[in-house]
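**Q** Start counting the sequence shown at 986; every next residue gets the next number (our numbering). Note that the Cβ used here is the ideal one computed from N, Cα and C, for glycine as well.
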Amino acid sequence: MSGQSLPAFWVLVPAAGVGSRMRADRPKQYLQLAGKTILEHTLDCFLGHPGLRGLVVSLAADDPYWPTLSCAQDPRVRRAEGGRERADSVLGGLSRLIELGAREQDWVLVHDAARPNLARSDLDLLLSELADDPIGGLLAVPARDTLKRAGADGRVLETVDRSPIWLAYTPQMFRLGPLRRALVDALAAGAAITDEASALEWAGAAPRLIEGRADNLKITRPEDLDWLRQRWSAGR
Ligand code: C5P
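What follows is the structure, given as structure tokens:
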């Protein structure tokens, strides 16, 4: 597939979270993986793509790690203000993109800071599948294990039909204006917003699910990082 046929896009990486499940001495996006931080690998998934218009990273105001990275000096990478929740960090990033010239109908790809194993083929698949979509969508993976609903006592209440269940991954790709309005309105209403798609859903839209690779995993626990280190040392 040629890069020419894909739409232009902006990237927003919310990186103001702490990631306490990693039990590390620093936010997980700053842990080392194959000679660089996880966050640098994540940015590398987009930098150099011919369709990339600009890239913004939302960071905590007192983040002491970011200024030590070489990508902090990269003119293609801009900093935005993170917030209390992920949705606040995304809103901060969208405001920054508007300052940089992004327009209402431009595509914005929001991608987790701790998802460094995004394949170029998945990024291009998302861009090509959604290029003409009126709403946008996200990379996702169908649930493959049997699902159980747990009771308060930690025992199985029932087995859940997994056939319509998908795991929401990133990037999530939406147009700037509708995404911003959906986030602002959903937050004002006190809705639980855990990803960008859930804000669009709250606003009544139905984002498309684009089946991606299961190894585009979000590093959440120490074993995820161990797995990726081994995988990459064996060759990507
Ligand atoms: O904690 P979790 O892995 O679900 O966070 C998803 C993404 O949102 C991460 O990239 C994290 O840094 C980001 N985030 C943020 N601001 C927050 C909370 C999370 O940018 N207040």
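Where does V1042 land, buried or exposed, given buried means 16+ other C-beta within 10 angstroms?
**A** buried
**Q** Helix, strand or coil for L1044? Go by DSSP, reduced to three states.
**A** strand
**Q** Answer yes if the stretch 1160-1170 comes into contact with the stretch 1071-1089, meaning at least three C-beta pairs across the two stretches below 8 Å, and no otherwise.
**A** yes
**Q** Heavy atom of the ligand C5P less than 7 Å from the Cβ of D1097, yes or no?
**A** yes
**Q** Does the separation of the CB atoms of T1125 and W1151 fall below 8 Å?
**A** Checking the displayed sequence, the identity of residue 1125 turns out to be Ala instead of Thr. Result yes, Cβ atoms of A1125 and W1151 sit closer than 8 Å.
**Q** Taking the alpha carbon of G1086 as the point to measure from, which residue in D1209, R1008, G1020, L1040 has its own alpha carbon closest?
**A** Here the closest residue by C-alpha is L1040.
**Q** Contact check, R1193 vs L1115 under 8 Å by CB: the rounded distance?
**A** 6 Å
**Q** Measuring alpha carbon to alpha carbon, tell me which of L1024, D1211, R1134, A1177 ends up nearest H1096.
**A** It is L1024 whose Cα lies nearest to the Cα of H1096.
**Q** Please name the residue or residues paired with A1171 in a DSSP beta bridge.
**A** Per DSSP, none; premise fails for A1171.
**Q** Keeping to the same chain, check which residues put their C-beta closer than 6 Å to that of Y1015; ignore five residues upstream and five downstream.
**A** T1022, Y1050
**Q** Could you please give the first and the last residue of the uninterrupted beta strand (DSSP E) stretch that includes G1078?
**A** Unbroken run through G1078 is the alpha helix (DSSP H), 1071-1084; no beta strand (DSSP E).
**Q** Could you say which of H1034, D1029, R1140, R1064 lies nearest to A1046 if we only look at CA atoms?
**A** R1064
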